[in-house]
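A.B. asks: Next up is a structure, given as structure tokens.
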Amino acid sequence: MEQYEHVVVVSALIMRDAAGAILIVRKEGTSKFMLPGGKIEPGETPAETVVREAAEEISVTLDQQKLRFVGEFLTDATNEPGWGVRAYVFEHPFVADWKLAGEIAEAQWLDAEKALPSNIGPLLSDALLPVLRQSV
Numbered sequence: 001m002e003q004y005e006h007v008v009v010v011s012a013l014i015m016r017d018a019a020g021a022i023l024i025v026r027k028e029g030t031s032k033f034m035l036p037g038g039k040i041e042p043g044e045t046p047a048e049t050v051v052r053e054a055a056e057e058i059s060v061t062l063d064q065q066k067l068r069f070v071g072e073f074l075t076d077a078t079n080e081p082g083w084g085v086r087a088y089v090f091e092h093p094f095v096a097d098w099k100l101a102g103e104i105a106e107a108q109w110l111d112a113e114k115a116l117p118s119n120i121g122p123l124l125s126d127a128l129l130p131v132l133r134q135s136v
């Protein structure tokens with residue numbers, strides 16, 4: 001396992017459409033797509049963070065009781081060169097009325113079974129997608 005001098009701790013959301021594709025987002029001023037989510041604030045649990053971040057980034061209200069913990073992953077941070085990211089990843093059933101909000105510039109649907117685009121962050125490409133592919 002790679003060691004990092006600095007690690008940012010985040011929660012991230014997997015939300016799939018009816019075909020099983022995963023919603024990914026790109027923040028303004030960045031080039032890589034990632035899962036919706038963000039840094040855990042003092043006093044927050046990882047589940048509370050993913051609920052807050054989903055509201056801020058894709059304008060949805062998640063039901064914390066419907067969150068399924070997928071796992072904890074450590075990999076390179078997408079937007080902080082040289083940093084690691086420890087991500088607590090949750091899945092939530094699809095919420096139809098999502099829309100871009102806050103700092104999110106763009107969204108796409110990612111099919112984990114197809115060739116991966118080069119513009120996705122390391123959490124998706126290195127840690128999460130291999131796990132999702134094994135569970136199919």
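Using full-length UniProt numbering, you'd call the opening residue of the sequence shown number 1 and step up by one each time.
For every residue, glycine included, the Cβ atom is placed at its ideal position computed from N, Cα and C.
If residue 32 and residue 75 are in contact, beta carbons under 8 Å, what's the gap, nearest whole angstrom?
C.D. replies: Actually they do not touch by this definition, with Cβ atoms about 13 Å apart.
A.B. asks: Give the straight-line distance between the Cα atoms of residue 37 and residue 14, rounded to the nearest whole angstrom.
C.D. replies: 9 Å
A.B. asks: Given that a residue counts as buried once 16 or more other Cβ atoms are within 10 Å of its Cβ, and exposed if not, what is residue 61?
C.D. replies: exposed
A.B. asks: For residue 103, which of helix, strand or coil comes out of DSSP?
C.D. replies: In this structure, DSSP gives residue 103 a state outside helix and strand, which the three-state scheme calls coil.
A.B. asks: Is residue 133 buried or exposed, if buried means 16 or more other CB atoms sit within 10 Å of its CB?
C.D. replies: exposed
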